[in-house]
Each structure stands twice: as structure tokens, then as C-alpha cells.
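A.B. asks: Final position of the sequence shown in my numbering is 1417; the numbers increase by one with none missing.
Cβ atoms here follow ideal geometry from the backbone N, Cα and C, with glycine treated the same way.
Keep in mind it's a predicted model, so treat the numbers as computed, not measured.
The structure is given below, and queries will be raised subsequently.
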Amino acid sequence: MRKKIVAGNWKMNMDYAEGISLFSEIVNMVRDEQKGEQIAVICAPFIHLNSLSKLGGTTVYIGAQNCHQNESGAYTGETSAKMVKSVGCAYVIIGHSERRQYFAENDQLLAEKTTAALKNNLTPIFCIGETLDERNNGNYFEILKSQITAGTFDLSAEDFSKLVIAYEPVWAIGTGLTASSEQAQEVHAFIRQEIASKYGTEVAENTTILYGGSCNPKNAADLFAQKDIDGGLIGGASLKSRDFVDIVKAFNS
Ligand code: 13P
């Protein structure tokens, strides 16, 4: 049985007090209202990780949004996977399209970050996604295949099995344009097929593949009902406790 996960990505939002307040609301609501086996995760800016992992316990897990590929050293402004793990995080987002676009993170670097995260017992949420041009040109399957291949297919089957994959079409992020359930399912099935070709059916069937891009309480249930969609990576809607928790609960509706 693959894990069902709803992960919030706060991006660069929430100062310290705001973060504690929002997170406390989320933990209380998830504790009181969540039914079923789905896992809730909040991926917050680095300043929050230590406090939130103490508040979250096993009700809401904590993740970082990035990590450095090296363990320590003269890399001013960076935070390593080892450091992220040391404050109690369980997850780290790797390869978000905003990191690829604004911080020039390429496939080779993302493969190194993934390896660093695994070495430190963090679960990478490895993101792939095509731009609007790539979708309109019709070559999005090729793009997605090259991103997942270059970023993760050098891993052993044992290591690959520890990953969560997130499909986030760049044209759907923060735009209010959601991929339709059919569009998302088509891509998720394709990703699972690529994983099966590389690692075999058992690994593919056990890989959690999340959808991200303007996911909200209204469209979540329909997306999550698709055969190959195992949850969501949620941006804007994770900044409102009610919306985020309703998305967590969407598995049960
Ligand atoms: P939105 O949900 O705001 O579109 O963001 C999605 C995302 O980038 C999550 O990582």
C-alpha cells in the first residue's frame, strides 16, 4: 500500500509568530478532524523548522523546502540535509520549479541533493513539471522523463523506494489554473510507468506520487480520487489552516 500524503509548501511566507500560530491551528484541526491514514506534512522556511517539529509530534510532520548537497563547510547562507535532520524534520522538497528557475538548480545538482537527503534519513519530495510552452508543444512527456531520469534514476531500487515524487506543472503553480483530474492522472500514470520500466512494477506501485498546482479544497477530492494520484503538494492553500485541513480530509470524501 502506498502512502497518502498531503504536504503544504509555505514557500517564503510566515514570520516566526505567524508560523507558530498557523501551524498550531493546523495541528489542532488535524488532530480533531483527520480520519484515515493520510500523512500531513508542512514544509516551512528554515527559521521555523526547529519549533514546528517540536509542536507537530507525529500529528503533522515537518519538512524543509531545500537543502545543500554537502554536509558542512564554507557555503555561506546554506543549510545541509544533516542540519535539517538534526532539528527533527522528516521530509525535504528537492527540485521545486522555483528552485530550478530562480536558483538555477539543474538535474545534476538535484541528484546530489537527493543523495544527501537520503543519506541523512530525510524523505525527499522530488519535484518535476513542465512549463506552459512545453505542454503546448506537446513534448511534456519527454521533459518529465528527462527530469526524473537525471534527478533520481541513478539511485538503487532500495533508495528510490524511499522517495516521494511530486508532479507540479509549472503553468498550474500559483496561477489558479489546475490541471484537470484527467490531465494530472495521465501524467501520474506515465511517471509510474517510467518508474516501472526502470525499477519494476513493485517499486512503481509503492511509490507515492503527489500532484501540485493550484490544488484547493474544491478540486482536491476529485484529484485524489484518481488511481495514480496519492495526495498533493499544496502552496497557497497551505497558508490557511481551514483550507489545508480540508484538503487533508479530501481523501475521505
Ligand atoms: P500553489 O498551490 O500555490 O499553486 O503552489 C503549488 C506549489 O508550488 C507547491 O509546491
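Does the region 1166 to 1174 touch the region 1393 to 1402, meaning 3 or more C-beta pairs lie closer than 8 Å?
C.D. replies: yes
A.B. asks: Since I1258 and K1277 are thought to touch, with beta carbons under 8 Å apart, how far apart are those beta carbons, to the nearest angstrom?
C.D. replies: 5 Å
A.B. asks: Which residues mark the beginning and the end of the beta strand (DSSP E) in which G1259 is found?
C.D. replies: Where G1259 is concerned, there is no enclosing beta strand (DSSP E), given that its DSSP letter is neither H nor E.
A.B. asks: Can you look up T1278 in the DSSP assignment and give me helix, strand or coil?
C.D. replies: helix
A.B. asks: Could you name each continuous alpha helix (DSSP H) segment of 4 residues or more that falls completely within the region 1218 to 1271, going from the start of the chain to the end?
C.D. replies: 1245 to 1250, 1261 to 1266
A.B. asks: From the DSSP output, in three-state form, read off N1284 for me.
C.D. replies: Looking at N1284 - three-state DSSP - the assignment turns out to be coil, as it is neither helix nor strand.
A.B. asks: May I ask you to check if the CB of S1361 is nearer than 7 Å to at least one heavy atom of ligand 1?
C.D. replies: no
A.B. asks: Return the residue from the list E1366, L1341, A1353 that minimises the CA-CA distance to A1330.
C.D. replies: A1353
A.B. asks: Return the bridge partner residues of Y1304 from the DSSP annotation.
C.D. replies: None, per the DSSP bridge assignment.
A.B. asks: Assign F1187 to one of three DSSP states: helix, strand, or coil.
C.D. replies: helix
A.B. asks: From N1303, S1217, S1236, pick the residue whose C-alpha is nearest to that of A1228; which is it?
C.D. replies: S1217
A.B. asks: I'd like to check one pair, V1194 with V1412: are the Cβ atoms closer than 8 Å?
C.D. replies: Taking C-beta atoms as the reference points, V1412 and V1194 count as a pair closer than 8 Å.
A.B. asks: Between which two residues does the beta strand (DSSP E) holding V1170 run?
C.D. replies: Its beta strand (DSSP E) spans residues 1169 to 1173.
A.B. asks: Does the Cβ-Cβ distance between T1372 and I1169 come in under 8 Å?
C.D. replies: yes
A.B. asks: Indicate the three-state DSSP secondary structure (helix, strand or coil) for A1204 in the structure shown.
C.D. replies: strand
A.B. asks: Suppose you measure from the CA of N1230 to the CA of I1337; what does that come to, to the nearest Å?
C.D. replies: 18 Å
A.B. asks: Using a Cβ-based criterion (distance less than 7 Å to any ligand heavy atom), does C1231 qualify as near ligand 1?
C.D. replies: no
A.B. asks: I'd like to know whether the C-beta atoms of L1387 and L1186 end up nearer to each other than 8 Å.
C.D. replies: no
A.B. asks: May I ask whether a heavy atom of ligand 1 can be found less than 7 Å away from the beta carbon of E1332?
C.D. replies: In this structure, E1332 has its CB closer than 7 Å to one or more heavy atoms of ligand 1.
A.B. asks: The alpha helix (DSSP H) that contains A1343, what's its start and end?
C.D. replies: Careful: A1343 lies outside any alpha helix (DSSP H) and carries neither H nor E.
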